[in-house]
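See structure below.
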Amino acid sequence: MSPTIKEWKEIFNSIGEGIAIIDTTHTIIEANQALSRVLEIPLNQIIGEKCYKVICNLSSPPRDCIIFKKKLEKKNKEVFKKNLGKYLLITQTAIKDNGKIRNIIYMVRDITQEKKLQENILKEKEFWENTFNSMKDGVAVIDKKCTIVKANKALAELVGKKPDEIIGKKCYNIIHGRNSPIKECLLKKAIKTKKSEDLEIYEPFLKKYISIRESPIFENGELKFVIHVIRDITKKKEAENKLKEYAKELEELNKSKEIFADILRHDLLNPVMVVEGLARLALQEDDIEEIKQYLEVILRNMYGIKSIIEDASLLGKVESLRDLELKEIDVSEIIFNTIQDFQIKAKEKNIRIIFEPKECIIKANPVIEQVFSNLISNAIKYSPKNSEVIVKIEEGKDTVKISVEDQGSGVPDEYKKSIFERFKRVKKKGVKGTGLGLAIVKRLVELHGGRVWVEDNPKGKGSIFFVELPKAKS
Ligand code: ADP
333 MSPTIKEWKE IFNSIGEGIA IIDTTHTIIE ANQALSRVLE IPLNQIIGEK CYKVICNLSS
393 PPRDCIIFKK KLEKKNKEVF KKNLGKYLLI TQTAIKDNGK IRNIIYMVRD ITQEKKLQEN
453 ILKEKEFWEN TFNSMKDGVA VIDKKCTIVK ANKALAELVG KKPDEIIGKK CYNIIHGRNS
513 PIKECLLKKA IKTKKSEDLE IYEPFLKKYI SIRESPIFEN GELKFVIHVI RDITKKKEAE
573 NKLKEYAKEL EELNKSKEIF ADILRHDLLN PVMVVEGLAR LALQEDDIEE IKQYLEVILR
633 NMYGIKSIIE DASLLGKVES LRDLELKEID VSEIIFNTIQ DFQIKAKEKN IRIIFEPKEC
693 IIKANPVIEQ VFSNLISNAI KYSPKNSEVI VKIEEGKDTV KISVEDQGSG VPDEYKKSIF
753 ERFKRVKKKG VKGTGLGLAI VKRLVELHGG RVWVEDNPKG KGSIFFVELP KAKS
């Protein structure tokens with residue numbers, strides 16, 4: 333049995349959505365209780381009224397009214413009822429008779445709550461987006477395949493790109509400029525430890541020092557995302573490095589201070605005291621021959637004092653040097669001239685210095701002459717009479733090796749390294765020296781980017797000192 337008119341009315345009024353039936357003159361000919369509730373108008377003030385007035389708050393029908401749009405079957409529109417503070421969603425459906433509109437059915441739904449919720453969500457989203465983008469640190473949300481899902485403005489600026497140029501790209505590509513993850517990648521580590529991981533690196537791709545903190549986000553025990561917080565720490569690192577340099581310089585300065593204090597205490601004080609004692613004795617002496625003998629010893633001691641002062645001041649100079657001004661020079665010519673300077677000393681011991689000059693250009697400072705002068709002087713000093721000192725130059729691909737060979741006492745293995753440190757004088761009876769020469773040699777060679785070392789002379793007696801220096805690039 334089909335429902336009676338009364339029953340239809342009851343059903344009509346029990347529907348939760350506001351319904352109105354309109355004729356072609358825009359007059360509401362029927363409406364239900366729900367519509368009265370939504371519009372907050374008694375039903376009898378709705379029926380018979382014009383729909384555009386009661387429902388749409390207009391004084392005349394709008395141009396886009398479905399009644400004027402003959403072809404349209406259905407239309408949705410949102411209306412804000414200012415007086416009620418409500419958002420309404422109106423669905424208009426045309427009822428047609430032989431293609432002609434007979435009635436329009438209005439379904440009116442109060443969507444204020446939904447709208448407010450939507451607005452709140454949007455506001456919330458905007459708030460988080462603003463917060464995300466106002467962060468000074470670069471932040472990226474990365475999935476387990478290293479794809480950047482979200483990134484903030486700071487990150488985009490850090491990598492010198494626009495935010496939408498980063499989304500969807502691989503983090504190792506954007507941050508490290510590579511096609512695969514870096515060796516130190518924290519993602520794998522974070523998956524294993526399930527904890528945040530930190531890394532500080534210099535990234536040559538960005539030309540920056542960066543600190544990365546990775547925090548994994550798990551859902552039901554499975555890794556969903558990893559949050560990367562990336563900070564540009566270049567300025568901090570540079571300041572730290574400067575500080576380290578200052579600390580090193582200070583340490584070296586302190587070392588030099590200690591060395592010079594030591595020179596004054598041990599190396600200079602002794603001969604000065606000897607000189608003082610001898611001078612006192614000489615003053616008390618009347619015999620001129622005796623006085624002359626005292627003066628001779630005083631003079632020998634004075635020579636020693638002089639060479640200590642000379643070596644100490646040279647060491648002080650090379651210790652404080654940072655960079656040397658280098659120019660192309662012929663190392664063979666320097667060695668040749670140095671040998672000439674030592675010929676008299678060598679002749680005193682009947683030592684023959686053998687050297688075959690051949691042009692060999694290196695990039696060096698003329699102060700390099702001190703290196704060869706020290707090595708040749710030592711070779712003569714520690715060689716017996718009637719022996720040979722052989723100086724050779726060997727040209728390699730990128731380096732030049734200079735060797736000074738003697739037939740002297742040699743350097744015991746345990747001292748082969750330490751003789752290049754200051755004050756490591758291996759006891760040499762009757763041989764005068766300051767113990768500073770080889771320290772000066774080492775420092776100068778290192779300033780030229782080279783190295784120096786000593787080996788036993790394979791001929792059985794004596795040692796060979798080697799100096800290796802970089803060749804001038806042609
Ligand atoms: P010095 O010769 O003034 O003592 P150096 O720094 O030049 O200072 O040398 C340090 C030490 O190395 C010397 O005291 C000596 O024991 C050793 N030494 C240097 N050159 C030679 C050499 N050609 N043969 C043997 N020993 C050497």
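Mapping of the sequence shown onto the working numbering: position 427 corresponds to residue 759, and the numbering continues sequentially without gaps.
Where is the CB? At the ideal position from N, CA and C, for every residue including glycine.
With DSSP as the reference, identify every bridge partner of residue i, one or two as the case may be.
i: M439; result: I351, T423
i: H560; result: A472, E546
i: F798; result: S735, W785
i: E551; result: E554
i: N408; result: T423
i: Y534; result: Y541
i: T479; result: K502
i: K803; result: I694
i: K659; result: A696
i: F687; result: V723
i: E529; result: E546
i: A363; result: A352
i: D429; result: K432
i: K382; result: T359
What's the C-alpha gap between residue i and residue j?
i: T425; j: F459; result: 39 Å
i: E746; j: V721; result: 24 Å
i: K447; j: Y419; result: 7 Å
i: S705; j: S588; result: 23 Å
i: E583; j: E577; result: 10 Å
i: I751; j: K540; result: 42 Å
i: P802; j: G782; result: 6 Å
i: R597; j: T731; result: 41 Å
i: G380; j: I351; result: 14 Å
i: K760; j: I641; result: Per-residue confidence for K760 stands at a pLDDT of 46, beneath the threshold of 50, marking its modelled position as unreliable; no derived number is given.
i: K793; j: G509; result: 59 Å
i: R757; j: K733; result: Residue placement at R757 cannot be trusted, given a pLDDT of 48 that sits under 50; what the coordinates show is reported in the next sentence. Their Cα atoms are separated by approximately 25 Å.
i: V773; j: E727; result: 20 Å
i: D655; j: P513; result: 39 Å
i: K681; j: N718; result: 6 Å
i: G492; j: E516; result: 23 Å
i: V473; j: H560; result: 6 Å
Excluding five sequence neighbours on each side, which residues of the same chain lie with their C-beta closer than 6 Å to the C-beta of residue i?
i: E532; result: S543
i: E665; result: none
i: F344; result: N364
i: I716; result: A small correction: the amino acid at residue 716 is Pro; Ile does not occupy that position in the sequence shown. Excluding residues within five positions, none has a Cβ falling inside 6 Å.
i: N633; result: P603, V606, V607
i: I427; result: R434, N435
i: N452; result: none
i: K406; result: T425
Going by other Cβ atoms of all chains shown within 10 Å of its Cβ, with 16 needed for buried, is residue i buried or exposed?
i: D530; result: exposed
i: D599; result: buried
i: L601; result: exposed
i: N484; result: buried
i: V386; result: buried
i: A571; result: exposed
i: D738; result: buried
i: Q702; result: buried
i: D396; result: exposed
i: Y714; result: buried
i: L449; result: exposed
i: G609; result: exposed
i: F797; result: buried
i: R369; result: exposed
Short of 7 Å in beta carbon distance, which residues of its chain neighbour residue i, apart from the five on each side in sequence? Order them along the chain.
i: D355; result: I361, N435
i: P548; result: A522, I523, K526, L555, V558
i: K413; result: N389, L420
Output yes or no for whether 8 Å exceeds the beta carbon distance between residue i and residue j.
i: I685; j: F674; result: yes
i: L375; j: Y384; result: no
i: L421; j: E372; result: no
i: I562; j: L646; result: no
i: T479; j: K502; result: yes
i: D643; j: L518; result: no
i: I353; j: A366; result: no
i: L653; j: L779; result: yes
i: V784; j: S795; result: no
i: M439; j: E349; result: yes
i: L490; j: V650; result: no
i: K724; j: S709; result: no
i: K482; j: I507; result: no
i: I694; j: I661; result: yes
i: D788; j: G742; result: yes
Short of 8 Å in beta carbon distance, which residues of its chain neighbour residue i, apart from the five on each side in sequence? Order them along the chain.
i: A611; result: Y626, I630
i: I443; result: E410, Y419, L420, L421
Would you say the beta carbon of residue i comes nearer than 7 Å to a heavy atom of the ligand ZN?
i: D788; result: As presented, the structure is devoid of the ligand ZN, carrying the ligand ADP as its sole ligands.
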